[in-house]
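Using numbering that gives the first Met the number 0, the letters of the sequence shown correspond one by one to residues 0 to 361. Note that CB positions come from ideal geometry on N, CA and C, so glycine has one too.
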Amino acid sequence: MDIVPQKILIIRLSAIGDVVRTLPALRALRSKFPSAYIAWIVEEGAQDLLQGHPDLNYLFVFKRKKWANEFFTLHNFLNPFREILDFFKKIRREDFDVVLDFHGIFKSGVIGFLSGVPLRVGFSRRYSKECNYLFNNYHIALETDVTSRIERNLNFIRFLGVDCDDQEPIIPITSEDKNYIDNFFREKGLYTHIPLIAVHPGTSKKTIYKRWNVLYYATVADKLIERLHAKIIWTWGPGELKIAEAIVEHMKHESIIACKTENLRQLAEIFCRCNLFLGSDSGPMHIASFVKTPVVAIYGPTDPVVNAPYEKNPHIMLRKDLPCSPCRNRKCESLQCMNMVKPDEVFDAVYRLLKTQNGIVI
Numbered sequence: 000m001d002i003v004p005q006k007i008l009i010i011r012l013s014a015i016g017d018v019v020r021t022l023p024a025l026r027a028l029r030s031k032f033p034s035a036y037i038a039w040i041v042e043e044g045a046q047d048l049l050q051g052h053p054d055l056n057y058l059f060v061f062k063r064k065k066w067a068n069e070f071f072t073l074h075n076f077l078n079p080f081r082e083i084l085d086f087f088k089k090i091r092r093e094d095f096d097v098v099l100d101f102h103g104i105f106k107s108g109v110i111g112f113l114s115g116v117p118l119r120v121g122f123s124r125r126y127s128k129e130c131n132y133l134f135n136n137y138h139i140a141l142e143t144d145v146t147s148r149i150e151r152n153l154n155f156i157r158f159l160g161v162d163c164d165d166q167e168p169i170i171p172i173t174s175e176d177k178n179y180i181d182n183f184f185r186e187k188g189l190y191t192h193i194p195l196i197a198v199h200p201g202t203s204k205k206t207i208y209k210r211w212n213v214l215y216y217a218t219v220a221d222k223l224i225e226r227l228h229a230k231i232i233w234t235w236g237p238g239e240l241k242i243a244e245a246i247v248e249h250m251k252h253e254s255i256i257a258c259k260t261e262n263l264r265q266l267a268e269i270f271c272r273c274n275l276f277l278g279s280d281s282g283p284m285h286i287a288s289f290v291k292t293p294v295v296a297i298y299g300p301t302d303p304v305v306n307a308p309y310e311k312n313p314h315i316m317l318r319k320d321l322p323c324s325p326c327r328n329r330k331c332e333s334l335q336c337m338n339m340v341k342p343d344e345v346f347d348a349v350y351r352l353l354k355t356q357n358g359i360v361i
């Protein structure tokens, strides 16, 4: 398509990992159109990753949770309607040239349609969901749906003549965020310890089926401390502290539960300071991958191709090839695909990846 957009509106509402994996596409757009006005619509859960981003001119926060909660309260039920109306009025006043709907679901399609932007670009029917394609008037077909989400997003914008090679994504960590984590590291005496390993055992409440066994985490952490003299930091997000505490209770050796992070940028800063990240397929795993921390990722029900870590960052993916995997059975009770990955395999992967890093003697 022969178009040089001056004002670009991106739609990728959630989740954390998916927003992170859209950042290379944002970097590529900014590189191609350095003087363009680029805005992004995102929901509350992932807005921390985009606030103050140097490649964005504006961030629209679609307050889905807030509006949904207020709608069901008697004294506030009209407030969401007023705020949503103002939200779309503000978007329409910007007169965007093009909407890029990276999300590809019904909700994102409706938002794009209500934006009033004349050119709305989305995935073709095969590569979108919930009739999203009906709301867009220019459609992108992919060669295959079995590709990493990062590459999928980059392929989505090639119609604009964007050179998508060698685009290093940015996660904007502020000086305040760095100072906050500085205090935690000083308090725990972590600055001089090598290897320092961040372990994130939690996942979102919707994807509990991607969590590895608590006892397995305790076993591999003890082994890393005994064999490699590693220092283990257990990171956690909303509703995940009890998981970290349960693991620590089962351990023989001392480890550290991370401070409460006030936003996702602070979590990213912890990962930046560690020699390795260990966890399952989750938003924090993708954040660690994008801040160039080597990653050992445990996969079970999710597709290891579609959900692979950032390919330019050192990583090892561990999974078992079962007939039922990948799947999206969130009510699975056996979790065989996760439980078949054993602590010894995880320890060996961590050991191998740490050996590749300069300055680490193990």
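Closest Cα partner of residue i within the set the options
{"i": "Arg-210", "options": "Phe-76, Pro-79, Arg-318 and Leu-25", "result": "Arg-318"}
{"i": "Tyr-216", "options": "His-52, His-192, Pro-237 and Ile-242", "result": "Ile-242"}
{"i": "Lys-65", "options": "Tyr-57, Asn-56 and Asn-75", "result": "Asn-75"}
{"i": "Thr-202", "options": "Ile-255, Tyr-137, Glu-186 and Gly-282", "result": "Gly-282"}
{"i": "Phe-101", "options": "Tyr-350, Glu-150, Ser-254 and Pro-342", "result": "Glu-150"}
{"i": "Tyr-309", "options": "Glu-129, His-285 and Gln-166", "result": "His-285"}
{"i": "Leu-195", "options": "Lys-205, Ala-229 and Tyr-298", "result": "Ala-229"}
{"i": "Val-3", "options": "Cys-323, Val-290, Ile-37 and Gly-299", "result": "Ile-37"}
{"i": "Asp-302", "options": "Ala-287, Cys-336, Ser-288 and Lys-330", "result": "Cys-336"}
{"i": "Leu-334", "options": "Pro-300, Gln-356, Ile-359 and Ser-34", "result": "Pro-300"}
{"i": "Asp-347", "options": "Ala-307, Thr-218 and Ile-256", "result": "Thr-218"}
{"i": "Val-120", "options": "Ile-193, Glu-142 and Phe-95", "result": "Phe-95"}
{"i": "Gln-356", "options": "Lys-330, Glu-43 and Ile-193", "result": "Ile-193"}
Where the alpha helix (DSSP H) containing residue i begins and where it ends
{"i": "Ala-220", "result": "213-227"}
{"i": "Phe-87", "result": "78-92"}
{"i": "Met-316", "result": "Run containing Met-316: none in the alpha helix (DSSP H); it sits in the beta strand (DSSP E), 314-317."}
{"i": "Val-295", "result": "From DSSP, Val-295 is part of no alpha helix (DSSP H) but of the beta strand (DSSP E) over 294-297."}
{"i": "Leu-141", "result": "It is not in any alpha helix (DSSP H) - Leu-141 carries neither H nor E in the DSSP assignment."}
{"i": "Leu-12", "result": "No alpha helix (DSSP H) contains Leu-12, which DSSP labels as neither H nor E."}
{"i": "Gly-282", "result": "282-289"}
Residue i versus residue j - alpha carbon distance
{"i": "Leu-22", "j": "Pro-168", "result": "5 Å"}
{"i": "Pro-237", "j": "Lys-259", "result": "9 Å"}
{"i": "Val-295", "j": "Val-349", "result": "6 Å"}
{"i": "Phe-87", "j": "Phe-112", "result": "10 Å"}
{"i": "Ile-315", "j": "Lys-89", "result": "44 Å"}
{"i": "Glu-344", "j": "Leu-352", "result": "12 Å"}
{"i": "Arg-91", "j": "Ser-107", "result": "16 Å"}
{"i": "Gly-58", "j": "Leu-49", "result": "The question names Gly, but residue 58 is Leu in the sequence shown. In a straight line, the C-alpha of Leu-58 is about 7 Å away from that of Leu-49."}
{"i": "Lys-6", "j": "Val-60", "result": "18 Å"}
{"i": "Asp-17", "j": "Arg-148", "result": "8 Å"}
{"i": "Glu-261", "j": "Tyr-179", "result": "9 Å"}
{"i": "Ile-359", "j": "Tyr-190", "result": "14 Å"}
{"i": "Ile-172", "j": "Asn-182", "result": "16 Å"}
Chain-order list of residues whose beta-carbon lies under 8 Å from that of residue i (same chain, five-residue window excluded)
{"i": "Thr-292", "result": "Ala-197, Phe-270, Cys-271, Cys-273, Asn-274, Leu-275, Phe-276 and Asn-312"}
{"i": "Ile-156", "result": "Ala-24, Ala-27, Leu-28, Leu-99 and Cys-163"}
Residues near residue i by beta carbon distance below 6 Å, same chain, minus five either side
{"i": "Asp-176", "result": "Arg-264, Gln-265 and Glu-268"}
{"i": "Val-304", "result": "Val-145"}
{"i": "Pro-79", "result": "Trp-66, Glu-69 and Phe-70"}
{"i": "Arg-29", "result": "Asp-54"}
Residue range of the beta strand (DSSP E) that includes residue i
{"i": "Phe-183", "result": "Premise fails: Phe-183 lies in the alpha helix (DSSP H), 174-187, not in any beta strand (DSSP E)."}
{"i": "Asp-100", "result": "97-100"}
{"i": "Glu-42", "result": "36-42"}
{"i": "Arg-157", "result": "Note, Arg-157: premise wrong, no beta strand (DSSP E); not H, not E."}
{"i": "Val-120", "result": "118-122"}
{"i": "Lys-230", "result": "230-233"}
Close-in-space but distant-in-sequence residues of the same chain around residue i (CB under 7 Å, 5 per side omitted)
{"i": "Met-339", "result": "Lys-319"}
{"i": "Arg-20", "result": "Arg-148, Ile-149, Asn-152 and His-285"}
Rounded Cβ spacing between residue i and residue j (contact assumed at less than 8 Å)
{"i": "Ile-224", "j": "Ile-232", "result": "No, Ile-224 and Ile-232 are not in contact; Cβ-Cβ is about 12 Å, not under 8 Å."}
{"i": "Gly-103", "j": "Asn-136", "result": "About 15 Å; that fails the 8 Å criterion."}
Short CB-CB distance (under 9 Å) between residue i and chain B
{"i": "Gln-356", "result": "Looking at the structure shown, chain B is missing, and only one protein chain is on hand."}
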